[in-house]
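J.:
Residue numbers (the numbering used here): 790 to 1347.
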C-alpha cells in the first residue's frame, strides 16, 4: 500500500472502504481489478490463505481475456497454461492407447495470433480463447490485483457477519491465522464467495433450474483427479490433443492436458454405491489410458456435475452477488467463472460510478435486470451441452476387433461430429446483450439472432461494441477510455461536442475517439456510438440528438 493513496485515507477512517469484496476467486479478483482500474479503494477478503492447488476450470474465453486486457493482466495470463504451440484439439477416443473416434481440430494459440483471418475468431476479438487452468491463472490474477495501490487484499480472512444499515454495510471479518477480529464499514458489499457463501444464505436467495439427476455421465457425483505422468505422450495412439473424451465400457473420463506435457485433470463419474473415499484414482487413470504406466496422483476431489441453476435475485440494498453465488454450471461449454467475470465487469463500473458520485439512483438495480437473464441463458446452454454429453450411448463391443465393433465406432464417429458446438460457443461468449435494460437507448433496429455457436457482430444498442481492427494491427478497444466513450465513426462524423458538454455538466467522465475509416462506418451502422465502461453500446445515431442530456442521464441510471 502506497502512503497517501485513496486507500490509505479510507483506512484511516475507522476501517471504512467504499467496497468490501468477499471471495478471492477469479470473479472477486477481477472485480478488484475492475475497481482498481477506476481508482476505487476497496478491501477483498478470502477465506483460503492461498490460491488453489487443485485444478478446476481450464478455459479463459475471449470475453474474459478482453477484460483482462483492460486490466493489464493479459500478457501474464497468456504465459500460464498451454504453451502457444500446444495442440488445442478436442478428441473423442475409446482410450488414449485405443481408437480415435472423432476430432474437433482447433488452431494453436500461435496460429490464431499469427494468422487471424483464416480462423475467424481473431477477426471478431483481439483476444482469442486461452486454455489455462484456474490453478495457474488465479495466482497470476492475485499478484496483479495486489499491484494496485487502491486494493487491500487479504487472503486467510473470513467474513463472520454483515448487516446492511441502509446507507452503509457493517461487516465483521476474522484473520484465521490469529483469530483477530475487525469491524469494517463499506458503502457496498460484493459477495463473490460461491454457492455455500454466507452472504447469499443470509439474504435468503434461492437457486432454481436444472439439478443433478445422477443417472448419467456428467450428471451426478464426479471425481476430479489431478495427475502427473510424463509417459502419456509416449503411449498415446493418436495425435496430441488438449482435451480427450475417453469412451469405453469400463468408464468415461474427461481427460484434459493442463500444461501440454505431463500434468492432467481427469473428470470421471463415481458409481452411486461407492463411497468417495474408496474411489481408485489410479484405476480410473489406467482405464482412460488403456494400459498401465507410471502415474502420480497429486490430489482428488469430489464435485457435483449436471447443475444449471440461477438464484431468484442478484442483489438487495447495498449487497450485490456475482459468480457462483448467483449461478451454478457444469463445466460443459466452459461458461462458469467466465460468466461471473462478466458479472464483475457489469457491476464494477456501476459501483465505481456511485462511489464517484455521478451514478444515478437506478444504476445499481440495473445490475440484476441486465445480468440475471444472461445467467439463465448461459446456464441453460451449458445444461443442454451436459445433457448431450451424458446421453451419448454406445455398445459394450465398441472396442472389438470385429465387423460389429468397426460399425459401432463408425456410428459413434458420425454422432460425435455434432458435438462441436460446445467448443465453438462464440455466440454465448461475445453475444451477451442487455436489450430492454433501462440503461439502453434503443434505435429501433432488431438485434441479431442469439445462437450459442455463432456470434454476429452488431452495434445495435445493448450488445458489446463489435471489435474492429484499425489498419489491421490496432484494436479499437485499446482506444477506449475507462469510463464512457463517444466513438466518432467515419470521415464525416459529428464532433460530439454536445455530448462532451452535457457529460461535463452531469459530472460523467467521457472520452471521445475517432475511427476515421469509411469501412468502420459501414461496419458499425452509424456515425456515433455511445459506449459504456463495460464496452456495451448504450446509444447509436448518425446525427447529434436534441436530447443529449436526457440520453446521458438515462445511461447512468438517472
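Cβ atoms here follow ideal geometry from the backbone N, Cα and C, with glycine treated the same way.
Source: prediction; values computed, not measured.
Alpha carbon to alpha carbon, how far is residue 1230 from residue 1329? Give it in angstroms, no decimals.
T.: Taking the first residue of the chain shown as position 1, residue 1329 is located at position 540. Taking the first residue of the chain shown as position 1, residue 1230 is located at position 441. The straight-line gap from Cα to Cα measures roughly 8 Å.
J.: Does residue 890 have its Cβ less than 9 Å from a Cβ in chain D?
T.: Judged by its chain identifiers, the structure shown contains no chain D, having just a single protein chain.
J.: Which residues in the same chain have their Cβ closer than 7 Å to the Cβ of residue 1061, if we skip the five residues on either side of it in sequence?
T.: Stepping through the chain shown from its first residue, residue 1061 is reached at position 272. Closer than 7 Å at the Cβ level, and outside the excluded window around residue 1061, lie 1003.
J.: Looking at residue 919 and residue 871, is the spacing between their C-beta atoms short of 9 Å?
T.: The residue you call residue 871 lines up with position 82 of the chain shown. The residue you call residue 919 lines up with position 130 of the chain shown. Yes. Within cutoff.
J.: Return the bridge partner residues of residue 1098 from the DSSP annotation.
T.: For this step, residue 1098 is matched to residue 309 along the chain shown. 998 and 1117, per the DSSP bridge assignment.
J.: So for residue 1032, helix, strand or coil by DSSP?
T.: Translated into positions along the chain shown, residue 1032 becomes position 243. Strand.
J.: Among all the DSSP beta bridges, which residues are the ones paired with residue 856?
T.: Position 67 of the chain shown holds residue 856. Answer by DSSP bridge pairing: none, since residue 856 is not bridged.
J.: Could you work out which residue in 1266, 1261 and 809 is closest to residue 857 when comparing CA atoms only?
T.: For the purposes of this step, residue 857 is taken as residue 68 along the chain shown, with counting starting at 1. The residue with the shortest Cα to Cα distance from residue 857 is 1266.
J.: What distance in whole Å lies between the Cβ atoms of residue 1092 and residue 1011, which are believed to be in contact at a cut-off of 8 Å?
T.: Translated into positions along the chain shown, residue 1011 becomes position 222. Translated into positions along the chain shown, residue 1092 becomes position 303. Yes, they are in contact, since the Cβ atoms of residue 1011 and residue 1092 sit about 5 Å apart, within 8 Å.
J.: Secondary structure at residue 957, three-state DSSP: helix, strand or coil?
T.: The residue given as residue 957 occupies position 168 in the chain shown. Residue state, collapsed to three classes: coil.
J.: Among 1292, 1278 and 1298, which residue has its Cα nearest to the Cα of residue 1311?
T.: Taking the first residue of the chain shown as 1, we reach residue 1311 at position 522. The residue with the shortest Cα to Cα distance from residue 1311 is 1278.
J.: CB-CB under 7 Å to residue 1318, same chain, minus the five flanking residues each way: which ones, in chain order?
T.: Position 529 of the chain shown, counting from 1, holds the residue named residue 1318. Closer than 7 Å at Cβ, skipping near neighbours: 1248, 1254, 1276, 1278, 1326 and 1329.
J.: When the Cα of residue 1258 is compared with those of 916, 1200, 885 and 948, which residue comes out closest?
T.: Your numbering for residue 1258 matches position 469 in the chain shown. Looking at the Cα atoms, 916 is the closest of the given residues.
J.: For residue 895, name the three-state secondary structure that DSSP assigns.
T.: As a first step, residue 895 must be located in the chain shown, where it is residue number 106. Three-state result, residue 895: coil.
J.: Quick one, which of 1031, 1007, 1251 and 984 has its alpha-carbon nearest residue 1324's?
T.: As a position in the chain shown, residue 1324 is number 535, starting the count at 1. For residue 1324, the nearest C-alpha among the options comes from 1251.
J.: CB-CB under 7 Å to residue 1083, same chain, minus the five flanking residues each way: which ones, in chain order?
T.: Position 294 of the chain shown, counting from 1, holds the residue named residue 1083. Cβ neighbours of residue 1083 beyond the five flanking positions: 1018 and 1020.
J.: Roughly how far, in whole angstroms, is the beta-carbon of residue 1089 from the beta-carbon of residue 1013, given that I think they are within contact range, below 8 Å?
T.: Indexing the chain shown from 1 puts residue 1089 at position 300. Indexing the chain shown from 1 puts residue 1013 at position 224. Right, their Cβ atoms sit about 7 Å apart.
J.: Provide the residue span of the beta strand (DSSP E) that contains residue 1328, from first to last.
T.: Along the chain shown, one-based indexing puts residue 1328 at 539. That run of the beta strand (DSSP E) goes 1326–1330.
J.: Apart from the five residues on each side of it in sequence, which residues of its chain come closer than 6 Å, Cβ to Cβ, to residue 1109?
T.: Indexing the chain shown from 1 puts residue 1109 at position 320. Excluding sequence neighbours, residue 1109 sits near 979 and 1136.
J.: Would you give the residue range spanned by the alpha helix (DSSP H) that residue 822 belongs to?
T.: Walking along the chain shown from the start, residue 822 turns up at place 33. Start and end: 815–825.
J.: Please report the Cβ distance between residue 1103 and residue 1156, rounded to the nearest whole angstrom; I am assuming they are in contact, meaning their Cβ atoms lie under 8 Å.
T.: For the purposes of this step, residue 1103 is taken as residue 314 along the chain shown, with counting starting at 1. For the purposes of this step, residue 1156 is taken as residue 367 along the chain shown, with counting starting at 1. Confirmed, Cβ separation roughly 6 Å.
J.: Report yes if the C-beta distance between residue 1180 and residue 1005 is below 9 Å; otherwise report no.
T.: The sequence position of residue 1180 within the chain shown is 391, counting from 1. The sequence position of residue 1005 within the chain shown is 216, counting from 1. In contact: residue 1180 and residue 1005 (Cβ atoms closer than 9 Å).
J.: Opposite residue 1042 in the DSSP bridges: which residues?
T.: To locate residue 1042, count along the chain shown from 1; it is residue 253. DSSP, once it has assigned bridges, lists 1035 and 1057 as partnering residue 1042.
J.: Looking at the structure shown, is residue 842 part of a helix, part of a strand, or coil, going by DSSP?
T.: Residue numbering aside, residue 842 sits at position 53 when the chain shown is read from its first letter. Residue 842 falls in the coil class under three-state DSSP.
J.: How is the beta strand (DSSP E) around residue 1092 delimited, first residue to last?
T.: The count along the chain shown starts at 1 and reaches residue 1092 at position 303. Segment 1085–1093, the beta strand (DSSP E) holding residue 1092.
J.: Looking only at DSSP bridge pairs, what is residue 946 linked to?
T.: Taking the chain shown and counting its residues from 1, the one referred to as residue 946 is at position 157. Residue 946 pairs with 964.
J.: Counting Cβ pairs, one atom from each stretch, are 3 or more of them under 8 Å apart for the stretch 1067–1078 and the stretch 1037–1050?
T.: Touching, yes, given that three or more Cβ pairs across the two stretches are closer than 8 Å.
J.: Pairing CB atoms from the stretch 803–820 with CB atoms from the stretch 927–940, are three or more of them under 8 Å?
T.: Contact holds: three or more Cβ-Cβ distances are below 8 Å.
J.: Where in the stretch 1132–1188 do unbroken runs of the alpha helix (DSSP H), each at least 4 residues long, occur, reported from the N-terminal end onward?
T.: If we require 4 residues or more, the alpha helix (DSSP H) runs fully inside the stretch 1132–1188 come out as 1155–1179.
J.: Between residue 1234 and the rest of its own chain, which residues show a CB-CB distance below 6 Å, the 5 nearest in sequence each way excluded?
T.: The residue labelled residue 1234 in the question sits at position 445 within the chain shown. 1249.
J.: Quick check on residue 906: buried or exposed, where buried means 16 or more other Cβ atoms within 10 Å of its Cβ?
T.: Taking the first residue of the chain shown as position 1, residue 906 is located at position 117. The predicted position of residue 906 is uncertain, since its pLDDT is 44 and thus under 50; a value taken from the coordinates is nonetheless stated next. Its Cβ having fewer than 16 others within 10 Å, residue 906 is exposed.
J.: The alpha helix (DSSP H) with residue 884 in it runs from where to where?
T.: Taking the chain shown and counting its residues from 1, one reaches residue 884 at position 95. No alpha helix (DSSP H) contains residue 884, which DSSP labels as neither H nor E.
J.: Under a Cβ-count criterion, where at least 16 other Cβ atoms within 10 Å of its own Cβ denotes burial, should residue 1218 be classed as buried or exposed?
T.: Locating residue 1218 in the chain shown gives position 429, counting from the first residue. Answer is buried; the Cβ neighbour count reaches 16.
J.: The alpha helix (DSSP H) with residue 1342 in it runs from where to where?
T.: Stepping through the chain shown from its first residue, residue 1342 is reached at position 553. Taken as a continuous stretch (DSSP letters only), the alpha helix (DSSP H) holding residue 1342 covers 1337–1344.
J.: Please state whether DSSP places residue 1301 in a helix, a strand or coil.
T.: In the chain shown, counting from the first residue as 1, residue 1301 sits at position 512. Strand.
J.: Roughly how many angstroms lie between the CA atoms of residue 831 and residue 1131, to the nearest whole one?
T.: For the purposes of this step, residue 831 is taken as residue 42 along the chain shown, with counting starting at 1. For the purposes of this step, residue 1131 is taken as residue 342 along the chain shown, with counting starting at 1. Cα to Cα, residue 831 sits roughly 19 Å from residue 1131.
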